[in-house]
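A.B. asks: Residue numbers (my numbering), protein chains in the order written: chain A, 806 to 1024; chain B, 806 to 1024; chain C, 797 to 994; chain D, 797 to 994.
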């Protein structure tokens, strides 16, 4: 979706302002949100792609001004309500109204280390051969889906070169919406800054994005 | 600039929700802001283009959540401070610290009717002939200036057809930044919805934008 | 998004009053001029003017032709001119094409014939969707345009201002200019409505 | 943007506690698991791991080759694996090219070697500008890259995660792995810094 998350090339946000003394968390509730988000994912109700889409679907003005863990928290509430685990009134009152649906899939503390160390690889096998080869000129498709996609707006319609053929990966556009993993070949495509941002751009800039096969067409 | 004002094609804002009983103003301060904004423009410190740029340069999250007259108000403060008429501390305290610079250009109540009726035409004469003719295929330039521009992001790089050659008009890209009026030919260019938004789009959609000559190249 | 809490209203009231105080004391703005500007757009300049233009275009084919050729000059015949209407264009709905006006980049609107824009016209939901999904937007206004009818969206990116001339409702033959004008809502002249018999 | 007023902190503290209470009472989340997740990324998984990888790559050309060919496998030799590092790629700075990593669409970051991302990495200013004006962004980090050096920005749009291998500082010949690792900051492995002698 052309939502608030698609920030590449947007302007007006001011300086980056890195704080060398910054700590990882800014208030004690932030690490709890991190932990709950990771732990609740283990219930298996939603994919990583669905959770990203829940975040980018928050009201744009809020997405742009909230601290990042607030974004995670609000999206977690959306996901828990959507999948019938925690209703908005339960979350607001701290009073349980109905039993949980999947307590049997609770992430035990003893399993955290192994679950985090294993992660969630998204590489899959696929019978279909890759359509593009390294060095191919390709155009990023000019598409504007209302659902989740990982093709940023700033490359759509622009011409780049395949830098690497990676592997088949789970397709977020399908996997975010209950469409299954629908794996497709993933490519790293490099665009010149001038192709992306116009002739005035620094000629010494190039940008690489990782793009699924359906995001690309021959150019 | 690729700022928060460039909303065409963005998603996630929810329904339009027209209110049939809506009044023009929602609080008594709103018409005062309208009046002050129009009256202060008569001081001649800034162009309409500069005032638009002041609005789109407000923090994006604020631009997206503020009521529209709040946007006007905050931009008016920026303009009055920039041009040395009202400092932030004067505006905050309601205490005058320095005399006004251009009281001689104050818009008198007796002149309001004629000033509003005259408006501010932006058509200019220009010796140079127009570069494009009605019916020409043109591509909107893929440019991403940091300053003010009136070429929306959703048409950049896309191909359309010149529907009408209008007239030379003041160029906002220059006029917003003290670059003078720099008039250029203005064209109305029509794009198909499918060209703008992709093959899945309703074939019965077309979008017209008014584009200055430098926004276009032959296609 | 447009609801102000009471706190905000109080704060904004005070801030706006403070600025007006300073501008007036410095001799930069005359309060009576503010009043006059507000009165102009609250009482005198509004969609009634545009409705009169539409009604005349329906009744007088010659006027409609002049309106199509040069709307600024045509409405000037009726004494209409001014700010945010300096370069006016009339776009005519037909059975083949429905017109819709938006300003994706700010809030450009034909003040001279319609007055000030409604809040939704200036707000992100309309500005974002009108150019991409106009049929979806129109549905929210209760308007269903036949699939075979083209929708032409006019994005007001320059100083040209667009006035939609809706189709004349059936069964209004011989109606007076006043009666015809009463068929023409503000939304019909933006393109988010149709002209209808009252 | 990231400053929370005290009111917000109080509200968020209460809301987060309420949700945790419900999740725990329903048997959906174990508090000790939350603690363990937090401890993992506060104490055990962080940029020290990445710095060790970089130091080894500087010292062992064979390891550097394996890292370039398959970073996921190469860091696994060092016992490094896991969430947000399942498909790792190492990109090597040279005199010809400086690498910079961003995720314009969310906050993708190589957790397995760098831990959790800093706030600026997840925030609009960095995500918006890194792909368009990286030299301007680097200047805000006090970093000036020679005009003739290409800047390659890696936008983490899929599940590949990018680790920048900075150039080895001069004058570090013969240094131990520990001493070399101390030259490698988190920012150097994102590309917003360089490796420097402490």
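C-beta: ideal position from N, C-alpha, C; glycine also.
I need the DSSP call for residue 919 of chain D, collapsed to helix, strand or coil.
C.D. replies: The answer is coil: DSSP assigns residue 919 of chain D none of H, G, I, E or B.
A.B. asks: Taking the alpha carbon of residue 840 of chain C as the reference point, which residue from C:948, C:932, C:910 and C:972 has its own alpha carbon closest?
C.D. replies: With distances taken between Cα atoms, residue 840 of chain C lies closest to C:910.
A.B. asks: So which residues on chain B does residue 865 of chain A lean against when the C-beta distance must stay under 7 Å?
C.D. replies: Near residue 865 of chain A (Cβ distances below 7 Å), the residues of chain B are 817, 818 and 869.
A.B. asks: Ignoring anything shorter than 4 residues, give me the alpha helix (DSSP H) runs that lie fully in the segment 867 to 936 of chain D, in order along the chain.
C.D. replies: With a minimum length of 4 residues, the continuous alpha helix (DSSP H) runs that stay inside the segment 867 to 936 of chain D are 867 to 872, 907 to 910, 915 to 918, 920 to 925 and 930 to 936.
A.B. asks: Please report the residue range of the beta strand (DSSP E) in which residue 851 of chain A lies.
C.D. replies: Neither: residue 851 of chain A is in no beta strand (DSSP E) and is coded neither H nor E.
A.B. asks: For residue 1000 of chain A, count the other beta carbons within 10 Å of its own beta carbon; 16 or more makes it buried, fewer makes it exposed. Which is it?
C.D. replies: When all chains shown are included, residue 1000 of chain A counts as buried.
A.B. asks: Using the rule of at least 16 other Cβ atoms within 10 Å of the residue's Cβ for burial, across every protein chain shown, is residue 799 of chain C buried or exposed?
C.D. replies: Low local confidence applies: a pLDDT of 49 at residue 799 of chain C is under 50, so the model's placement there is unreliable, with the coordinate-based value given in what follows. So residue 799 of chain C counts as exposed.
A.B. asks: Which residues of chain A have a Cβ atom closer than 7 Å to the Cβ of residue 997 of chain B, listed in chain order?
C.D. replies: In chain order: nothing, as chain A lies at least about 12 Å away.
A.B. asks: Within this structure, are the beta carbons of residue 962 of chain C and residue 993 of chain C separated by less than 7 Å?
C.D. replies: Result no, Cβ atoms of residue 962 of chain C and residue 993 of chain C do not sit closer than 7 Å.
A.B. asks: Leaving out the 5 sequence neighbours to the left and right, which residues in its chain are closer than 7 Å to residue 878 of chain B when beta-carbon positions are compared?
C.D. replies: Around residue 878 of chain B: 838.
A.B. asks: If you measure from the beta carbon of residue 1002 of chain A to each beta carbon in chain D, is any gap under 7 Å?
C.D. replies: Output row for residue 1002 of chain A: interface = yes.
A.B. asks: Could you tell me which residues DSSP pairs with residue 996 of chain A in its beta bridges?
C.D. replies: DSSP lists A:1012 as partners of residue 996 of chain A.
A.B. asks: Rounded to a whole number of angstroms, what is the C-alpha to C-alpha distance between residue 902 of chain D and residue 941 of chain A?
C.D. replies: Looking at the two C-alpha atoms, the distance is approximately 28 Å.
A.B. asks: Within 10 angstroms of its Cβ, does residue 939 of chain A collect 16 or more other Cβ (buried), or is it exposed?
C.D. replies: Exposed, because fewer than 16 other Cβ atoms sit within 10 Å of the Cβ of residue 939 of chain A.
A.B. asks: Is the CB of residue 991 of chain D under 7 Å away from at least one CB in chain A?
C.D. replies: Not closer than 7 Å to any Cβ of chain A, the Cβ of residue 991 of chain D fails to qualify, so no.
A.B. asks: Using a C-beta to C-beta distance shorter than 9 Å, which residues of chain A count as neighbours of residue 814 of chain B?
C.D. replies: In chain order: 807, 949 and 958.
A.B. asks: Just to confirm before moving on: does the CB-CB distance between residue 1012 of chain B and residue 994 of chain B stay below 7 Å?
C.D. replies: It is not a contact, given that the beta carbons lie outside the stated cut-off.
A.B. asks: So what's residue 882 of chain B in DSSP terms, helix, strand or just coil?
C.D. replies: Residue 882 of chain B: helix per DSSP, three-state reduction.
A.B. asks: Could you name the residues of the same chain whose beta carbon sits closer than 6 Å to that of residue 797 of chain C, not counting the 5 residues immediately before and after it, in chain order?
C.D. replies: Low local confidence applies: a pLDDT of 40 at residue 797 of chain C is under 50, so the model's placement there is unreliable, with the coordinate-based value given in what follows. Answer for residue 797 of chain C: no residue qualifies.
A.B. asks: Name the chain B residues whose beta carbon is nearer than 7 Å to that of residue 918 of chain C?
C.D. replies: Those within 7 Å of residue 918 of chain C in chain B are 873.
A.B. asks: Is the beta carbon of residue 939 of chain D closer than 7 Å to that of residue 906 of chain D?
C.D. replies: For residue 906 of chain D and residue 939 of chain D, no; Cβs fall outside 7 Å.
A.B. asks: Note down, in chain order, every chain C residue with its Cβ under 8 Å from the Cβ of residue 884 of chain B.
C.D. replies: Going along chain C, no residue has its Cβ under 8 Å from residue 884 of chain B, so there is no contact; the nearest lies around 12 Å.
A.B. asks: Mind checking the segment 832 to 857 of chain A against chain D and listing, in chain order, the residues whose C-beta falls within less than 8 Å of any C-beta there?
C.D. replies: Taking 8 Å as the Cβ-Cβ cut-off against chain D, the residues of the segment 832 to 857 of chain A that qualify are 832, 833, 834, 836, 837, 838, 839, 840, 841, 843, 844, 845, 848 and 857.
A.B. asks: Based on Cα-Cα distance, which residue from A:909, A:922 and A:858 lies nearest to residue 874 of chain D?
C.D. replies: Checking every option, the nearest Cα to that of residue 874 of chain D belongs to A:922.
A.B. asks: Pull up the DSSP beta-bridge partners for residue 964 of chain B, would you.
C.D. replies: Note: residue 964 of chain B sits in a beta bridge opposite B:944.
A.B. asks: Counting only Cβ-Cβ distances shorter than 8 Å, please list the residues of the segment 1007 to 1023 of chain A near chain D, keeping chain order.
C.D. replies: Result list: 1007, 1009, 1010, 1011, 1012, 1013, 1014, 1015, 1016 and 1017.
A.B. asks: Give the DSSP bridge partners of residue 825 of chain D, in chain order.
C.D. replies: Paired residues: A:912.
A.B. asks: Within 7 Å of any Cβ in chain B, is that where the Cβ of residue 936 of chain C sits?
C.D. replies: Cβ-Cβ to chain B under 7 Å: yes for residue 936 of chain C.
A.B. asks: Check whether the Cβ atoms of residue 894 of chain A and residue 886 of chain A lie closer than 7 Å to each other.
C.D. replies: For residue 894 of chain A and residue 886 of chain A, no; Cβs fall outside 7 Å.
A.B. asks: Using DSSP with H/G/I as helix, E/B as strand and the rest coil, what is residue 964 of chain D?
C.D. replies: Correct three-state label for residue 964 of chain D: coil.
A.B. asks: Sorted by chain position, which residues of the same chain lie with C-beta nearer than 7 Å to residue 957 of chain B's C-beta, five sequence neighbours on each side aside?
C.D. replies: 811, 813 and 1014, listed in sequence order.
A.B. asks: What three-state label does DSSP hand residue 797 of chain D in the structure shown?
C.D. replies: Low confidence applies to residue 797 of chain D: its pLDDT is 40, below 50, so where it sits in the model is not reliable, and the reading given next is rough at best. Residue state, collapsed to three classes: coil.
A.B. asks: What is the rounded straight-line gap between the Cα of residue 937 of chain A and the Cα of residue 816 of chain B?
C.D. replies: Cα to Cα, residue 937 of chain A sits roughly 31 Å from residue 816 of chain B.
A.B. asks: So, is the C-beta of residue 805 of chain C closer than 7 Å to a C-beta in chain B?
C.D. replies: So, interface residue.
A.B. asks: How should residue 869 of chain C be labelled, buried or exposed, when 16 other C-beta atoms within 10 angstroms of its C-beta is the threshold for buried?
C.D. replies: Classification of residue 869 of chain C: exposed, given that the 10 Å Cβ count is below 16.
A.B. asks: Within the same chain, show all residues whose beta-carbon is closer than 8 Å to that of residue 846 of chain A, passing over the 5 residues directly before and after it, in chain order.
C.D. replies: Counting only Cβ-Cβ distances below 8 Å, and skipping sequence neighbours, we find 853 and 856.
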